[in-house]
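Accompanying notes for the structure given below.
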Amino acid sequence: MLGQYATTLTFIALGAIFAYSFYAVLIAGQLSLGQAGFAALAAFSGAYLAPAPDDVGDVPSLLVAVAIGMSVGALGAVVLGLPTMHLRGVFLAIATLGFAEAVRVVLLNQEWTGGAQGLGVPRVLTVGMAWTALALVAYWFWRMGRSRYGRALEAIREDELAARSMGIDVGRHRLAAFITAGAVAGLYGVLYAYYVRLIAPNDFDFVAAVEGLVTAVVGGSTMFLGPLLGSGFQTIVPEIQRAVGVEAGWIRPFLASLLLLVVILFLPGGLASLIPRRTRMPSGAADDDATGLAGRRHPEAGEPVVTLSGLGKEYGGVHAVRGVDLEIRAGEVVGLIGPNGAGKTTLVNMISGLVPPSSGSATVLGTTVGSTPVHRIAAAGVSRTFQHSKLFNRLSALENVLVGAHLVSRPTFLRRLFWLPSARRDEQAALRQAARCLERVGLSELAANRAESLSYGDQRRLEIARALASDPSLLILDEPAAGMNHVEAARLSELIRSLARDGLTILFIEHNVGMVLQTCTRVVVLNFGEVIASGAPDEVAADPAVIEAYLGSAEEDADGTGARAGATAAGTGDAPPDAVANLRPGAAGTLDTPDATRDAT
Amino acid sequence: MQQLLNGIFIGSIYALFAIGFTLVFGILDRLNLAHPAVFAASAFVGIELVERGGLSLWAALPVVFVFGAVLGLVIERVAFRPLKNRADAHFAGLISSIALAGMLIALLQWRYGPDTRRFPPGSFPDTRFEVFGAQVTLVQVVILAVSLALMVGLTYMVTRTRLGRGMRAVAENPTAARVLGVNVDRVTAVTFAISSALGAVAGVLFAINVNTAQLGMGAAIELKGLAVIIVGGMGSLPGALIGGLLLGLAEVFAVQHIGSSWVNVIAFGLLFVILLLRPQGLLGARKVREV
Amino acid sequence: MSDPILTVEDLRVTYGRVEAVRGVSFSAAEGSLVALVGANGAGKSSVINAVSGILRPAGGRITFEGQDITRTPAHKLVGRGLVQVPEGRQILATLTIEENLQLGTWHSGADGARSVDAMYDRFPVLGERRALPAGALSGGEQQMLAIARALVAGPKVMLMDEPSMGLAPKIVDEVFRVIEEIRASGTTVVLVEQNARRALRAADHGYVLQSGEVVHSGPAAELLADERIVQAYLGVESGT
Numbered sequence: 000m001l002g003q004y005a006t007t008l009t010f011i012a013l014g015a016i017f018a019y020s021f022y023a024v025l026i027a028g029q030l031s032l033g034q035a036g037f038a039a040l041a042a043f044s045g046a047y048l049a050p051a052p053d054d055v056g057d058v059p060s061l062l063v064a065v066a067i068g069m070s071v072g073a074l075g076a077v078v079l080g081l082p083t084m085h086l087r088g089v090f091l092a093i094a095t096l097g098f099a100e101a102v103r104v105v106l107l108n109q110e111w112t113g114g115a116q117g118l119g120v121p122r123v124l125t126v127g128m129a130w131t132a133l134a135l136v137a138y139w140f141w142r143m144g145r146s147r148y149g150r151a152l153e154a155i156r157e158d159e160l161a162a163r164s165m166g167i168d169v170g171r172h173r174l175a176a177f178i179t180a181g182a183v184a185g186l187y188g189v190l191y192a193y194y195v196r197l198i199a200p201n202d203f204d205f206v207a208a209v210e211g212l213v214t215a216v217v218g219g220s221t222m223f224l225g226p227l228l229g230s231g232f233q234t235i236v237p238e239i240q241r242a243v244g245v246e247a248g249w250i251r252p253f254l255a256s257l258l259l260l261v262v263i264l265f266l267p268g269g270l271a272s273l274i275p276r277r278t279r280m281p282s283g284a285a286d287d288d289a290t291g292l293a294g295r296r297h298p299e300a301g302e303p304v305v306t307l308s309g310l311g312k313e314y315g316g317v318h319a320v321r322g323v324d325l326e327i328r329a330g331e332v333v334g335l336i337g338p339n340g341a342g343k344t345t346l347v348n349m350i351s352g353l354v355p356p357s358s359g360s361a362t363v364l365g366t367t368v369g370s371t372p373v374h375r376i377a378a379a380g381v382s383r384t385f386q387h388s389k390l391f392n393r394l395s396a397l398e399n400v401l402v403g404a405h406l407v408s409r410p411t412f413l414r415r416l417f418w419l420p421s422a423r424r425d426e427q428a429a430l431r432q433a434a435r436c437l438e439r440v441g442l443s444e445l446a447a448n449r450a451e452s453l454s455y456g457d458q459r460r461l462e463i464a465r466a467l468a469s470d471p472s473l474l475i476l477d478e479p480a481a482g483m484n485h486v487e488a489a490r491l492s493e494l495i496r497s498l499a500r501d502g503l504t505i506l507f508i509e510h511n512v513g514m515v516l517q518t519c520t521r522v523v524v525l526n527f528g529e530v531i532a533s534g535a536p537d538e539v540a541a542d543p544a545v546i547e548a549y550l551g552s553a554e555e556d557a558d559g560t561g562a563r564a565g566a567t568a569a570g571t572g573d574a575p576p577d578a579v580a581n582l583r584p585g586a587a588g589t590l591d592t593p594d595a596t597r598d599a600t
Numbered sequence: 000m001q002q003l004l005n006g007i008f009i010g011s012i013y014a015l016f017a018i019g020f021t022l023v024f025g026i027l028d029r030l031n032l033a034h035p036a037v038f039a040a041s042a043f044v045g046i047e048l049v050e051r052g053g054l055s056l057w058a059a060l061p062v063v064f065v066f067g068a069v070l071g072l073v074i075e076r077v078a079f080r081p082l083k084n085r086a087d088a089h090f091a092g093l094i095s096s097i098a099l100a101g102m103l104i105a106l107l108q109w110r111y112g113p114d115t116r117r118f119p120p121g122s123f124p125d126t127r128f129e130v131f132g133a134q135v136t137l138v139q140v141v142i143l144a145v146s147l148a149l150m151v152g153l154t155y156m157v158t159r160t161r162l163g164r165g166m167r168a169v170a171e172n173p174t175a176a177r178v179l180g181v182n183v184d185r186v187t188a189v190t191f192a193i194s195s196a197l198g199a200v201a202g203v204l205f206a207i208n209v210n211t212a213q214l215g216m217g218a219a220i221e222l223k224g225l226a227v228i229i230v231g232g233m234g235s236l237p238g239a240l241i242g243g244l245l246l247g248l249a250e251v252f253a254v255q256h257i258g259s260s261w262v263n264v265i266a267f268g269l270l271f272v273i274l275l276l277r278p279q280g281l282l283g284a285r286k287v288r289e290v
Numbered sequence: 000m001s002d003p004i005l006t007v008e009d010l011r012v013t014y015g016r017v018e019a020v021r022g023v024s025f026s027a028a029e030g031s032l033v034a035l036v037g038a039n040g041a042g043k044s045s046v047i048n049a050v051s052g053i054l055r056p057a058g059g060r061i062t063f064e065g066q067d068i069t070r071t072p073a074h075k076l077v078g079r080g081l082v083q084v085p086e087g088r089q090i091l092a093t094l095t096i097e098e099n100l101q102l103g104t105w106h107s108g109a110d111g112a113r114s115v116d117a118m119y120d121r122f123p124v125l126g127e128r129r130a131l132p133a134g135a136l137s138g139g140e141q142q143m144l145a146i147a148r149a150l151v152a153g154p155k156v157m158l159m160d161e162p163s164m165g166l167a168p169k170i171v172d173e174v175f176r177v178i179e180e181i182r183a184s185g186t187t188v189v190l191v192e193q194n195a196r197r198a199l200r201a202a203d204h205g206y207v208l209q210s211g212e213v214v215h216s217g218p219a220a221e222l223l224a225d226e227r228i229v230q231a232y233l234g235v236e237s238g239t
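This is the structure in structure tokens:
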């Protein structure tokens with residue numbers, strides 16, 4: 000029974016394992032086509048170096064080859080990954096593709112590989128072995144999905160910048176994902192070699208790489224069953240066509256391509272999106288027990304948290320921020336206000352390490368800003384929200400906050416592989432922390448909803464919850480109340496004050512000046528990149544320079560309105576003054592008065 | 000000398016093909032992987048036009064140009080426009096264009112069968128010239144002339160005409176282009192048409208150069224095209240030209256001095272060096288992204 | 000008085016489930032200057048973008064010269080004389096100044112060249128540097144370029160989104176002088192501004208937006224004189 004389908008089943012398993020090697024990086028938002036190269040290196044070195052099955056038996060021979068192959072694949076990924084991990088999108092894809100091609104050509108020109116004729120390998124792999132290997136790989140990715148590591152990768156995929164700001168070392172995580180891809184591709188290469196009897200470098204060409212990528216994407220790159228579904232789909236479609244008697248050589252590839260097009264156009268998440276995704280909720284009482292979370296030392300009230308001296312930022316000749324001196328001490332709630340374009344966001348971007356200053360210096364929680372990577376500054380205790388929400392859109396609200404807790408939770412993936420109870424405890428602790436933060440901003444009810452499906456106000460609150468989850472010493476909020484109505488804004492103001500009562504130092508940019516005046520212990524006003532006022536809310540609100548910065552100068556009011564009335568008459572009726580005669584010359588092809596052209600048309 | 004000329008001939012075809020890639024990338028930031036299928040399809044269509052249509056080699060070129068343009072419109076409409084607002088448009092566009100390429104190749108197989116095809120005997124004039132002691136056929140001269148003419152025309156179009164300004168505006172900032180009244184969808188579609196038309200002409204010229212058309216010829220040049228646009232700089236037209244010529248010359252000299260089987264390693268070695276040292280390519284400008 | 004050249008009724012704009020504009024209505028008489036003011040996030044830009052066809056409204060009706068343009072895309076509206084000067088200027092930094100201006104003539108064909116020349120007379124600083132990439136201009140000059148680029152399209156209604164943003168006071172004066180000239184030439188101007196006093200001083204009629212709704216409206220002079228408006232705008236009320 001099984002024998003009849005054994006070949007098909009084996010190829011489904013092999014295709015799925017290869018697709019997992021693409022899934023391993025797609026899950027972190029990376030597009031790599033180098034897996035064919037890793038598989039080729041692994042297949043040839045494994046088959047060449049491992050002892051023959053006749054000498055040591057089938058399974059030991061295969062296992063040794065697998066060990067060699069996976070190591071070679073992972074090593075290849077390190078060698079290729081170190082110089083290329085800074086590349087993004089298609090650049091990475093083409094670089095890795097180039098690597099795979101180079102590998103193929105080199106192997107073609109080696110004696111020991113048999114060149115274009117290929118290398119004979121005994122068939123050892125059975126359908127059972129193939130599926131066992133597939134099960135192990137799928138298990139790996141299943142257990143990874145809900146670990147701290149797996150969430151971090153997904154966060155990087157959704158929004159790299161926000162992930163950095165949550166303290167995730169993006170470079171290291173991307174490299175880790177790439178190495179995993181290399182090892183899995185290596186596994187595929189060896190298994191393939193021990194099944195097809197004869198391997199040639201051309202088995203691992205560009206077409207093979209594209210096929211692996213297509214399988215992973217069709218299956219869905221956001222759910223661990225995706226590659227399996229994709230491989231099933233890709234393998235079975237031609238089989239079904241054969242079964243129903245489609246014979247002509249061109250119809251099969253045509254229909255397969257057409258189906259691929261339909262899937263990609265109409266099933267954005269791939270086949271796996273047909274499977275509902277559940278969000279695990281924290282179990283047990285939300286007690287305030289913080290075991291399982293890494294502790295943090297917060298500065299004592301009054302200690303300096305942020306020290307800026309002469310800080311400036313220039314963009315192509317434009318001074319966005321210049322010469323800002325500012326000290327923020329622990330326990331303060333500082334409101335940063337100023338008109339649009341005053342440099343507020345640039346200033347907080349420098350404080351949180353996203354933008355290096357062009358002059359002056361900044362020390363935040365003992366860390367010097369400038370050359371320090373963003374995730375280090377986050378690790379020092381800085382947490383922030385963004386002017387335009389940078390949530391991890393396709394993750395649930397709870398998962399967003401869990402990523403926020405990255406810095407204070409412990410790595411769980413490896414322990415989750417072995418079902419260690421301590422991993423479960425740590426995950427529960429992180430979940431409780433996330434649930435507390437969601438509760439604090441009033442989003443507990445919506446924990447399981449995707450971030451992108453939340454209302455605007457809820458998204459802003461979710462960003463705050465995510466920022467709180469890392470137990471920060473300094474919280475930076477960039478226009479948290481933008482777009483909120485006054486009821487929501489009032490609630491937000493209350494939340495910020497309650498956070499301040501807990502000892503959190505807060506720096507926030509806001510356009511709703513009334514809210515800032517009510518919420519802050521100190522207000523700093525920025526205009527044209529410079530601090531024009533700083534002090535207690537009352538003083539600042541009464542400062543004429545501040546009022547002028549916001550509303551424009553008040554002196555000319557009477558004149559202005561008077562002139563206005565006159566201009567109205569002129570504009571709608573008579574011919575305009577000479578100065579504007581050239582404004583609309585094109586319409587009638589003359590340089591005469593525009594009013595004449597208006598009448599003519 | 001002979002090598003130099005041969006390198007320039009093949010390099011000009013690479014450049015023409017790569018320009019099609021880079022044009023679309025410049026506008027959409029996406030790779031159109033159906034481009035190689037257009038390259039292959041037009042080679043077959045070109046041969047059929049000469050064989051059955053009785054057209055001369057050169058009369059077939061404009062027809063193929065139009066054929067490519069139409070294919071480009073279809074590709075944009077089917078594989079790219081529906082994905083415009085998708086979060087995963089980057090991956091999805093690759094896959095949808097691969098799917099479309101698969102369909103195209105399958106259709107070629109249906110119409111022309113799986114075998115290699117050639118131009119009917121006698122299609123080629125056998126005029127030869129001697130240039131600095133090297134042999135050059137009329138065909139080669141025309142190939143070079145056509146590629147150069149198309150590239151000059153394209154450069155003029157992009158830098159000097161209204162449509163070209165519109166294309167550059169869309170490439171730099173689609174929103175600003177829209178505000179100015181540029182019909183972004185139409186400019187995008189026209190870009191695809193031009194890109195595919197150039198790819199189509201490159202396909203025929205390639206088929207003329209080697210007197211063969213194969214189903215796999217697109218896949219073979221695809222990798223070279225990708226290498227060329229990275230080396231020259233993504234989205235840069237002169238970059239694609241220089242990259243194409245560079246690759247053509249490098250290949251010819253590699254065949255001469257190292258051996259034909261190592262040709263691709265040369266191409267990708269070049270690619271790697273560029274990616275590591277100058278990721279924006281020889282002539283590419285790095286796009287500034289806002290936080 | 001004749002019918003308004005531009006009418007917006009019960010306009011609603013949503014981003015996914017986020018409602019940015021919740022039923023805004025206003026109109027602009029031909030040749031007048033209308034100001035929409037309000038704090039950041041009040042929905043001003045969304046209103047402007049919906050009118051100019053950049054955004055698709057979720058509901059409501061927009062009429063221009065008596066015709067329904069609610070769902071007309073931007074590229075058709077520019078040809079009909081409804082032209083936007085976008086927030087943040089959106090000049091094309093890698094194109095030359097001349098090319099930026101020529102893009103403004105996308106719909107006006109052969110007459111374009113003459114209107115571009117006219118802009119050089121009007122803004123000599125642009126004429127002097129016409130062959131330079133627009134990115135080389137200062138912020139104020141970029142704003143002038145953005146305005147000039149809209150003017151070459153021959154607008155009947157000009158939608159201006161935050162023209163004073165990030166500019167020094169002296170430059171802001173200059174920008175407003177140009178805006179006054181434009182309206183004085185008979186072009187209707189709809190001005191979105193955060194700099195409320197400045198905008199209202201220039202305007203005939205004003206609308207104050209808050210959280211996607213019009214909370215006050217009236218003749219600009221009256222709004223300007225009303226202290227409550229200033230307070231509402233500053234947000235002092237909303238916090239309490």
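Residue numbers (numbering that gives the first Met the number 0), protein chains in the order written: chain W, 0 to 600; chain H, 0 to 290; chain B, 0 to 239. Heads up, the beta-carbon is just placed ideally off N, CA and C, and yes, glycines get one too. All figures in this text were calculated on a predicted structure; none of them were measured in a lab.
With respect to chain W, the C-beta atom of H:R85 has a partner C-beta closer than 8 Å. The secondary-structure analysis by DSSP pairs W:R521 across a beta bridge with W:V333. Classified as buried, W:H510 has 16 or more neighbouring CB atoms from the shown chains inside 10 Å of its CB. Chain B places no beta carbon closer than 8 Å to that of H:A188, leaving this residue out of the contacts. According to the DSSP assignment, B:Q209 belongs to the beta strand (DSSP E) that extends over H204 to Q209. Rounded to whole angstroms, the gap between the alpha carbons of W:R459 and W:M349 is 21 Å. Among the residues of the region 162-173 of chain H, those with a Cβ less than 8 Å away from any Cβ of chain B are R164, G165, R167, A168, E171 and N172, in the order of the chain. Residues of the region 177-193 of chain B that bring their beta carbon within less than 8 Å of a beta carbon in chain W comprise E179, E180, I181, R182, A183, S184, G185, T186 and Q193, in sequence order.
Remark: C-beta atoms of W:L118 and W:A46 approach each other more closely than 8 Å. Closest in C-alpha terms to W:G403, from the list W:A161, W:A39 and W:D425, comes W:A161. Against chain B, the beta carbon of W:P338 has neighbours under 9 Å at S163, M164, G165, Q193 and N194, listed in chain order. DSSP links W:P303 through a beta bridge to W:R328. One alpha carbon belongs to H:V264, the other to W:G114, and they sit about 15 Å apart. In the same chain as H:V183, and ignoring 5 residues on each side of it, the C-beta atoms closer than 7 Å to its own belong to V169, P173, A176 and R177, in chain order. Cβ contact annotation for H:W261 (same chain, cutoff 7 Å, sequence separation greater than five): A253, in chain order. A contact is defined here as three or more CB-CB pairs under 8 Å, and the region 368-382 of chain W meets this definition with respect to the region 464-481 of chain W. Nearest to B:Q83 by alpha-carbon distance, out of B:G134, B:A167 and B:V188, is B:V188. Under a 10 Å Cβ-count criterion, H:R76 is classified as exposed, with fewer than 16 other Cβ atoms of the shown protein chains found around its own Cβ. When Cβ pairs closer than 8 Å are counted between the two stretches, the region 141-158 of chain H is seen to touch the region 226-243 of chain H, the count reaching three or more. Residue state for W:I235 is assigned as helix, using DSSP reduced to three classes.
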